[in-house]
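Okay, structure first, notes after.
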Amino acid sequence: MSASAGTLQAETAAREYLAFTGFEASAESAASYMHDGGFPRYLQVREAIVLQELFDDIVYRDVIVRNRHSVIAAIQACVKLTDEAKDREIDGLVKAMEVCTLSSGIIVTENQRDSIIVGKIV
């Protein structure tokens, strides 16, 4: 991600935080954002378990496998690949594959088996 893309992403997150909380842009709201984060579910309930669940999702759901300095696999994990989640999971995997220049990836589920071909096969 380029510096400008990272800056734009941070600005968007800050605007979303302000809209969600109803705060005006100020030094105080910036400090609040840095302290509380921009996770709406956490801001609603303010329970540490919500942050732990978010962390678990980030760490355990999306995995890029490295072998020394090169990426060798992209793995997306979910309990069940429902119709509602299918596009999101596939899109996430395809984006990771594109960034890492991989030609295939794996979606791991609890108990489903299927093969999905996205795009061209050469």
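Numbering follows our numbering, with no gaps: position 91 of the sequence shown is 87. We treat Cβ as the ideally placed atom computed from N, Cα and C, and that holds for glycine. All of these numbers come straight from a predicted model, not from anything done at the bench.
- Relative to the Cα of Arg109, the nearest Cα in the group Gln40, Lys76 and Thr97 belongs to Lys76.
- By the C-beta density criterion, Gly101 is buried, having at least 16 other C-beta atoms within 10 angstroms.
- Proximity to Thr78 across Glu94, Ala15, Lys91 and Glu106 peaks at Glu106, based on C-alpha coordinates.
- In the DSSP assignment, Ala73 falls within the beta strand (DSSP E) that extends over Ser66 to Ala73.
- With contacts defined as CB atoms closer than 7 Å, Ile45 and Gln72 fail to qualify as a contacting pair.
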